[in-house]
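Asker: In order, the protein sequence lines correspond to chains Y and W. According to this note's numbering, the stretch in the first sequence is residues 1 to 207, in order. According to this note's numbering, the stretch in the second sequence is residues 208 to 293, in order. Before anything else, here's the structure in question.
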Amino acid sequence: MKVITAYCNLRADECLVNGEVIARRDSSSEDSWFKQLYRQQELVYPKFYKMDALSQAGYLASELIKRANPGFPEAYADDEIAMVFANASSSAVTDRRFIQSYEHGGSPSPSLFVYTLPNIVLGEIAILNKWYGENLFAVLPKFTPGFYLDYNQILLASGSRALLGGWLEVTADSTDVFLFLVEEQESGMEFSSENLLHLSQAGSVAA
Amino acid sequence: MDSLKEDLKKQIIEQLNLEDLSVEDIADDALLFNDQGLGLDSIDALELIVLLEKYHGIQLTNPEEGKEAFKSIDTMAAYIRKRNAA
Chain Y
1 MKVITAYCNL RADECLVNGE VIARRDSSSE DSWFKQLYRQ QELVYPKFYK MDALSQAGYL
61 ASELIKRANP GFPEAYADDE IAMVFANASS SAVTDRRFIQ SYEHGGSPSP SLFVYTLPNI
121 VLGEIAILNK WYGENLFAVL PKFTPGFYLD YNQILLASGS RALLGGWLEV TADSTDVFLF
181 LVEEQESGME FSSENLLHLS QAGSVAA
Chain W
208 MDSLKEDLKK QIIEQLNLED LSVEDIADDA LLFNDQGLGL DSIDALELIV LLEKYHGIQL
268 TNPEEGKEAF KSIDTMAAYI RKRNAA
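Listed below in structure tokens is the structure:
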């Protein structure tokens, strides 16, 4: 059966892996929350500093899921891990910064332009891990568990064996990131709409 | 600290939108286009060309020169000094 083997929730002030808080934002720090997390978790990937916030969020959550699940991704061929991400605001934050760069900064910024599509985060993760599997980024009105379940059926038919799914809503005012790993195992937490909805709220007041 | 090198680091942070980095995070000899250094890519090379013209009035037209000049902060500073002395 398909089960959720690891998950990560990244919010404005805390980060949870498999439901356990692993880091809290230091509001007295001058560093951004994502930089705090990157350093606190002793991650080393200088390209992190070039990424926009959406890609940083995807990078951080995917690295923490890998760390929480030893053996993944080595158990799979490089084209057997699919990624399906979604959010509601696309790359709007970076789009606005890019507009700002040519309206007020004199010239359009190439380094901002490259992040003016939400699916760039998938490319960043795929490049880092050398994953060549299927990937898709959808823009949806809200987190919709059924979307991941339905799309997983298509992925299974095309040879994918593991799915890294995610909701990555990162705006100027809020951070709501939920990444989850789905694999085939004999037992565990079933990959279902109810469980996805429940885990997406792990540790939050609404849970 | 060499003020040209410090200025270059500030300009790179500004031009490449690396606001999560500080001047102290960039070593003078760190390889700019290496994953163990700053991890810059071809898009960033364009930004560095713009930076040279915008802040230092230097037009870089020979790609081979760029390859050498953009290796590190050390080489960028040396290139700027060489061009300014010419």
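Even for Gly, the Cβ is constructed at its ideal location relative to N, Cα and C.
1) Could you tell me which whole alpha helix (DSSP H) segments of length 4 or greater appear in the stretch 81-141 of chain Y?
2) With a cut-off of 8 Å, do at least 3 Cβ pairs link the stretch 82-97 of chain Y to the stretch 144-164 of chain Y?
3) Scan the stretch 210-228 of chain W for residues whose Cβ lies nearer than 7 Å to a Cβ of chain Y and list them as they occur along the chain.
4) Could you give the first and the last residue of the continuous beta strand (DSSP E) run that contains residue 195 of chain Y?
5) When you compare only the Cα positions, how much space is there between residue 118 of chain Y and residue 293 of chain W?
6) Which residues in the same chain as residue 207 of chain Y place their Cβ atom closer than 8 Å to its Cβ, once the five residues preceding and following it in sequence are excluded?
7) Which of the three DSSP states, helix, strand or coil, is assigned to residue 157 of chain Y?
8) Are residue 114 of chain Y and residue 250 of chain W closer than 8 Å when you measure CB to CB?
9) Flag residue 235 of chain W as yes if its beta-carbon sits less than 8 Å from any beta-carbon of chain Y, otherwise no.
10) Output yes if chain W places a C-beta closer than 8 Å to the C-beta of residue 10 of chain Y; else output no.
11) Between Y:90, Y:182 and Y:172, which lies nearest to residue 139 of chain Y when the distance is taken from Cα to Cα?
12) Among the residues of its own chain, which have a CB less than 6 Å from the CB of residue 170 of chain Y, if the five just before and after it don't count?
13) Could you give the distance in angstroms between the alpha-carbon of residue 10 of chain Y and the alpha-carbon of residue 32 of chain Y?
14) By Cβ distance below 8 Å, which residues in the same chain neighbour residue 23 of chain Y in space, the five residues on each side in sequence not counted?
15) Nearest chain W C-beta to residue 32 of chain Y closer than 8 Å, yes or no?
16) State yes or no: is the beta carbon of residue 230 of chain W nearer than 8 Å to at least one beta carbon in chain Y?
17) What three-state label does DSSP hand residue 25 of chain Y in the structure shown?
18) Please report whether the beta-carbon of residue 46 of chain Y lies at a distance below 8 Å from any beta-carbon of chain W.
19) Which residues in the same chain as residue 252 of chain W place their Cβ atom closer than 6 Å to its Cβ, once the five residues preceding and following it in sequence are excluded?
20) When DSSP labels each residue in this structure, what does residue 268 of chain W get in the three-state scheme?
21) Where do the N-terminal and C-terminal ends of the beta strand (DSSP E) with residue 43 of chain Y fall, by residue?
22) Secondary structure at residue 14 of chain Y, three-state DSSP: helix, strand or coil?
23) For the 8 Å Cβ check, are there 3 or more pairs between the stretch 69-77 of chain Y and the stretch 90-104 of chain Y?
24) Taking Cβ-Cβ distances shorter than 9 Å, what residues in chain Y pair up with residue 244 of chain W?
25) Should residue 254 of chain W be flagged as near chain Y, meaning a C-beta pair shorter than 8 Å?
26) Would you call the stretch 209-226 of chain W in contact with the stretch 275-291 of chain W, where contact means no fewer than 3 C-beta pairs closer than 8 Å?
Answerer: With the given structure in hand:
1) 92-103, 110-113 and 120-129
2) Touching, yes, given that three or more Cβ pairs across the two stretches are closer than 8 Å.
3) 223, 224, 225, 227 and 228
4) Premise fails: residue 195 of chain Y lies in the alpha helix (DSSP H), 193-200, not in any beta strand (DSSP E).
5) In a straight line, the C-alpha of residue 118 of chain Y is about 46 Å away from that of residue 293 of chain W.
6) In this prediction, residue 207 of chain Y scores a pLDDT of 40, lower than 50, which makes its location untrustworthy; no coordinate-derived value is stated.
7) helix
8) By the CB criterion at 8 Å, residue 114 of chain Y and residue 250 of chain W fall inside the cutoff.
9) no
10) no
11) Y:90
12) 53, 54 and 57
13) 14 Å
14) 14, 15, 36, 37, 40 and 41
15) yes
16) no
17) coil
18) yes
19) Here the set comprises nothing.
20) coil
21) That residue, residue 43 of chain Y, is in no beta strand (DSSP E); it is neither H nor E in DSSP.
22) Strand at residue 14 of chain Y.
23) Too few Cβ pairs lie closer than 8 Å, so no.
24) 46
25) yes
26) yes
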